[in-house]
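J.: Residue numbers (full-length UniProt numbering): 1 to 560. Just so you know, even glycine gets a beta-carbon here, dropped at the ideal spot from N, CA and C. Only a predicted model underlies this, so the values are computations on that prediction, with no experimental measurement involved.
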Amino acid sequence: MKTEVLWKSGQGGYKSYRIPALAVTKKGTVLAFCEGRRAGAGDSGAIEILLRRSTDNGAHWSEQQVVWADGGNTCGNPAPVVDLQTGTIWLLLTWNRGDDKEPQIIAQTSKDTRRVFVTSSVDDGVTWATPKEITESVKLPEWTWYATGPGAGIQLGKTGRLVVACDHIEAKTKRYFSHVIYSDDHGASWKLGGTTPRDQVNECEVVERSDGSLLLNMRSYDPSSRARQVAVSKDGGLTWGEQRPDFSLIEPICQASVRRADSKTLLFSNPASREARKNLTVRVSSDDGKTWERRLTLHSGPSAYSDLAVLKRNTLACLYECGDKGAYETITLARFALKELTRTPTIFLAGDSTMAEKLPEKRPETGWGEGLRLLVDESKLRIENHAMNGRSTKSFLAEKRWEALIGRVRKGDWVLIQFGHNDQAKDKGERYTPPDDYKANLTRFVAEVRQKGGTPVLLTPVMRRRFDPKGEFFDTHGVYPDLVREVAAATKVLLIDHHRLSEKVLRELGAEPSRKLFLQLKPGENPNYPKGVEDNTHFNAEGAKVMAQLVWEVLSLAVT
């Protein structure tokens with residue numbers, strides 16, 4: 001990996017440089033954009049769009065040039081997109097008065113509003129056309145705040161459509177969403193595409209997958225996950241389907257970049273941390289973004305926004321904000337090869353709803369597997385959670401979920417296996433697993449993990465919250481916990497007795513205090529459960545963390 005500082009705050013007439021964007025022209029010229037902020041690091045005031053060019057694959061760079069400046073006003077959010085059919089480079093931008101701040105624009109108390117512009121270059125970025133306003137074409141009247149990108153857009157392979165990811169805030173509700181804009185006439189005109197089905201997302205980038213669908217990767221404000229949100233479009237960005245968290249892409253609530261490297265290989269960069277803007281990391285997916293196995297840390301210290309690009313000669317590039325004491329000291333370019341990204345040992349989770357990851361519409365229900373993510377340093381050990389609601393060993397096998405998991409296990413990985421809640425359900429034939437079959441399934445799981453060079457770990461089922469009218473605790477799992485213990489002893493694998501560990505916690509808390517660990521809500525307390533809920537099996541966020549801690553206290557001694 002080679003790195004070079006392209007901008008350093010306080011130099012070149014600007015107090016701060018922020019918001020990097022990266023593009024590669026049809027001829028192979030590399031274009032690095034950013035905002036030059038004259039007064040400081042804030043998002044308002046005199047801000048200009050700057051550019052540096054490289055004609056030798058990023059080895060040497062031109063002096064910075066100003067693409068757009070408007071006195072004391074704010075010109076920002078560079079979002080370049082290259083038309084590889086015509087060679088034209090389009091640059092989408094936003095503008096607002098320098099004395100209008102974001103909260104005023106959102107509250108509609110500002111002197112003006114947020115506007116959208118586009119400029120273009122037909123000579124590989126040497127000169128640029130006068131920016132043209134396209135606000136009426138891409139921004140609805142009921143929106144206040146608006147941002148393009150930041151970061152590069154894409155051109156679709158079959159149709160040639162240009163697509164740029166954006167975000168906005170609704171005036172009436174103050175809710176924020178991601179959306180895209182597009183051009184089907186090589187940038188001559190721009191139209192508004194689809195908006196995400198749920199809010200609490202904004203800055204985003206879009207990438208085309210191998211099947212032609214689009215994947216939108218978004219900054220998320222959901223505090224329960226601290227993970228990127230993703231959505232898929234099958235109509236070129238006109239509409240977006242299911243929106244969900246990608247729990248493997250953790251974030252501190254910050255911008256990120258996603259880019260396609262080849263047919264099925266995607267790249268992703270962001271500050272890989274839940275706590276702070278630090279640890280700028282590039283990840284790679286070889287299955288269209290379903291999983292992210294390999295990674296390369298570009299800067300372990302303070303770091304923030306980034307943008308990725310694919311250069312010539314099998315070279316990848318990332319332009320990112322970083323520093324020693326603060327994330328906004330420099331904008332640095334890293335060049336590296338795909339082979340430099342290494343695979344991180346993985347902890348695979350196989351189990352039922354008590355372990356599984358939850359979608360936003362199920363919150364505050366939380367699986368303990370999600371709690372485990374908060375305890376593990378995922379720069380050293382990644383977690384891949386295959387647990388699914390309502391599954392038993394029988395149905396996990398029948399639905400080929402185990403087949404999918406075991407196919408991904410490599411030497412040095414760990415596989416945590418916990419079933420039992422649904423195996424004992426005699427009234428549900430697709431789930432019920434007789435005791436002998438249950439033991440056979442667990443034994444099979446252990447053997448197949450070992451065959452792949454992984455380390456299997458068996459967990460007894462986590463305890464349900466059950467107290468009789470006198471406040472005495474009782475168990476409802478029958479013989480299944482003992483069956484797990486028997487298999488663990490026979491196969492000589494690590495056993496985490498989650499059953500007894502969680503029983504101890506519940507007994508010590510007692511009947512009423514133990515409610516605080518479970519999904520227990522009064523009517524009207526949460527919009528996801530308007531009628532309320534009293535669930536003594538599934539956890540809330542606090543309970544998930546407590547149950548995960550019980551697991552990690554044992555597991556950490558083995559994996560570290």
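Given that a residue counts as buried once 16 or more other Cβ atoms are within 10 Å of its Cβ, and exposed if not, what is residue 242?
T.: Here residue 242 refers to the residue found at position 242 of the sequence shown. Under this definition residue 242 is an exposed residue.
J.: State the beta-bridge partners of residue 155 as determined by DSSP.
T.: The residue labelled residue 155 in the question sits at position 155 within the sequence shown. Residue 155 pairs with 162.
J.: Round the Cβ separation of residue 346 and residue 382 to the nearest angstrom and send it over; I've been treating them as touching at under 8 Å.
T.: The residue given as residue 346 occupies position 346 in the sequence shown. The residue given as residue 382 occupies position 382 in the sequence shown. The Cβ separation is near 5 Å, so the contact holds.
J.: Throw me the rounded Cβ distance for the residue 8 and residue 329 pair, which I believe falls under 8 Å.
T.: Working through the sequence shown from its first residue, we reach residue 8 at position 8. Working through the sequence shown from its first residue, we reach residue 329 at position 329. 7 Å between Cβ atoms; contact.
J.: Do the region 8–25 and the region 349–358 touch if we need at least three Cβ pairs shorter than 8 Å?
T.: Counting Cβ pairs under 8 Å, fewer than three are found: no touch.
J.: Could you tell me whether the region 263–274 touches the region 305–312, where touching means 3 or more Cβ pairs closer than 8 Å?
T.: Yes, the region 263–274 touches the region 305–312.
J.: Could you name the residues of the same chain whose beta carbon sits closer than 7 Å to that of residue 238, not counting the 5 residues immediately before and after it, in chain order?
T.: Along the sequence shown, read from residue 1 onward, the residue named residue 238 stands at position 238. These residues qualify, in order along the chain: 193 and 194.
J.: Grab me the residues of residue 428's own chain with a C-beta within less than 8 Å of its C-beta, minus the 5 sequence neighbours each way, in chain order.
T.: The count along the sequence shown starts at 1 and reaches residue 428 at position 428. 422.
J.: Need the endpoints of the alpha helix (DSSP H) that residue 2 sits in, please.
T.: The residue given as residue 2 occupies position 2 in the sequence shown. That residue, residue 2, is in no alpha helix (DSSP H); its beta strand (DSSP E) goes 2–8.
J.: Where do the N-terminal and C-terminal ends of the alpha helix (DSSP H) with residue 450 fall, by residue?
T.: Taking the first residue of the sequence shown as 1, we reach residue 450 at position 450. First-last of the alpha helix (DSSP H) with residue 450: 435–451.
J.: Among 412, 166 and 438, which has the Cα closest to the Cα of residue 391?
T.: Here residue 391 refers to the residue found at position 391 of the sequence shown. Closest by alpha carbon: 438.
J.: Quick check: the Cα distance between residue 57 and residue 491, rounded to an integer number of angstroms?
T.: Numbered from its first residue, the sequence shown carries residue 57 at position 57. Numbered from its first residue, the sequence shown carries residue 491 at position 491. Looking at the two C-alpha atoms, the distance is approximately 55 Å.
J.: If I follow the unbroken alpha helix (DSSP H) through residue 373, where does it start and stop?
T.: Position 373 of the sequence shown, counted from the start, is the residue given in the question as residue 373. Note, residue 373: alpha helix (DSSP H), 368–373.
J.: Please go through the same chain and pick out, in chain order, the residues whose beta-carbon is closer than 7 Å to the beta-carbon of residue 60, but skip the five residues on each side of it.
T.: One-based indexing of the sequence shown puts residue 60 at position 60. 54.
J.: Would you kindly work out how many angstroms separate the C-alpha atoms of residue 290 and residue 468, rounded to a whole number?
T.: Within the sequence shown, the letter at position 290 stands for residue 290. Within the sequence shown, the letter at position 468 stands for residue 468. Their backbone Cα atoms lie some 44 Å apart in a straight line.
J.: Going by DSSP, what residues sit across from residue 96 in a beta bridge?
T.: One-based indexing of the sequence shown puts residue 96 at position 96. Its beta-bridge partners are 74.
J.: By alpha-carbon positions, which one of 25, 201 and 286 ends up nearest to residue 80?
T.: Position 80 of the sequence shown, counted from the start, is the residue given in the question as residue 80. Residue 80 has its Cα closest to that of 25, out of 25, 201 and 286.
J.: Would you mind sorting residue 394 into buried or exposed? The rule is 16 or more other CB atoms within 10 Å of its CB.
T.: The residue labelled residue 394 in the question sits at position 394 within the sequence shown. Buried.
J.: Can you check DSSP and say which residues form a bridge with residue 36?
T.: Here residue 36 refers to the residue found at position 36 when the sequence shown is read from its first residue. Beta-bridge pairing links residue 36 to 17 and 48.
J.: For residue 490, name the three-state secondary structure that DSSP assigns.
T.: Residue 490 sits at position 490 when you count from the first residue of the sequence shown. Of the three classes helix, strand and coil, the one that applies to residue 490 here is helix, per DSSP.
J.: So, at 7 Å on beta carbons, what are the nonlocal neighbours of residue 536 in its own chain, with the 5 sequence-adjacent residues on each side left out?
T.: Taking the sequence shown and counting its residues from 1, the one referred to as residue 536 is at position 536. Contacts found: 464, 465, 466 and 518.
J.: May I have the straight-line CA-CA distance separating residue 86 from residue 267, to the nearest angstrom?
T.: Taking the sequence shown and counting its residues from 1, the one referred to as residue 86 is at position 86. Taking the sequence shown and counting its residues from 1, the one referred to as residue 267 is at position 267. Computed Cα separation, rounded: 26 Å.
J.: Identify the continuous alpha helix (DSSP H) that holds residue 541 and give its terminal residues.
T.: On the sequence shown, position 541 is the one that residue 541 refers to. Note, residue 541: alpha helix (DSSP H), 541–559.
J.: Under 9 Å, do residue 148 and residue 78 count as touching if we go by C-beta distance?
T.: As a working note, residue 148 is residue 148 in the sequence shown. As a working note, residue 78 is residue 78 in the sequence shown. Cβ distance < 9 Å, so residue 148 and residue 78 count as in contact.
J.: If residue 89 and residue 23 are in contact, beta carbons under 8 Å, what's the gap, nearest whole angstrom?
T.: Taking the sequence shown and counting its residues from 1, the one referred to as residue 89 is at position 89. Taking the sequence shown and counting its residues from 1, the one referred to as residue 23 is at position 23. So it is a contact: roughly 7 Å between Cβ atoms.
J.: Among 258, 371 and 411, which residue has its Cα nearest to the Cα of residue 344?
T.: Here residue 344 is taken as the residue at index 344 of the sequence shown, counted from 1. Considering only alpha carbons, the answer is 411.
J.: On the DSSP letters alone, give me the boundaries of the alpha helix (DSSP H) that residue 205 sits inside.
T.: Taking the first residue of the sequence shown as 1, we reach residue 205 at position 205. First-last for residue 205: 201–208, but that is the beta strand (DSSP E), not the alpha helix (DSSP H).
J.: What is the rounded straight-line gap between the Cα of residue 458 and the Cα of residue 360?
T.: Looking up residue 458 in the sequence shown gives position 458. Looking up residue 360 in the sequence shown gives position 360. Residue 458 and residue 360: Cα-Cα distance of roughly 29 Å.
J.: Touch check for the region 175–182 and the region 149–165: three-plus C-beta pairs under 8 Å?
T.: With the cut-off at 8 Å, the region 175–182 and the region 149–165 touch.
J.: To the nearest angstrom, report how far apart residue 245 and residue 230 are at their CA atoms.
T.: In the sequence shown, residue 245 corresponds to position 245, counting from 1. In the sequence shown, residue 230 corresponds to position 230, counting from 1. Distance between the alpha carbons of residue 245 and residue 230 is about 6 Å.
J.: Do three or more CB pairs link the region 290–299 to the region 331–345 at distances below 8 Å?
T.: Counting Cβ pairs under 8 Å, three or more are found: they touch.
J.: Is the separation between the beta-carbon of residue 418 and that of residue 460 shorter than 9 Å?
T.: Numbered from its first residue, the sequence shown carries residue 418 at position 418. Numbered from its first residue, the sequence shown carries residue 460 at position 460. It is a contact, given that the beta carbons lie within the stated cut-off.
J.: Whose CA, out of 488, 12, 44 and 116, lies closest to the CA of residue 63?
T.: Taking the first residue of the sequence shown as position 1, residue 63 is located at position 63. Ranking the options by Cα distance to residue 63, first place goes to 12.
J.: Please give the ranges of any alpha helix (DSSP H) in the region 374–426, keeping only runs that are unbroken, at least 4 residues long and fully inside the region.
T.: 393–398 and 401–406, all fully within the region 374–426.
J.: Could you work out which residue in 44, 91 and 33 is closest to residue 73 when comparing CA atoms only?
T.: On the sequence shown, position 73 is the one that residue 73 refers to. Comparing Cα-Cα distances from residue 73 to each of 44, 91 and 33, the minimum goes to 44.
J.: Looking at residue 332: is its Cβ nearer than 9 Å to the Cβ of residue 322?
T.: Taking the first residue of the sequence shown as position 1, residue 332 is located at position 332. Taking the first residue of the sequence shown as position 1, residue 322 is located at position 322. Cβ atoms of residue 332 and residue 322: closer than 9 Å.
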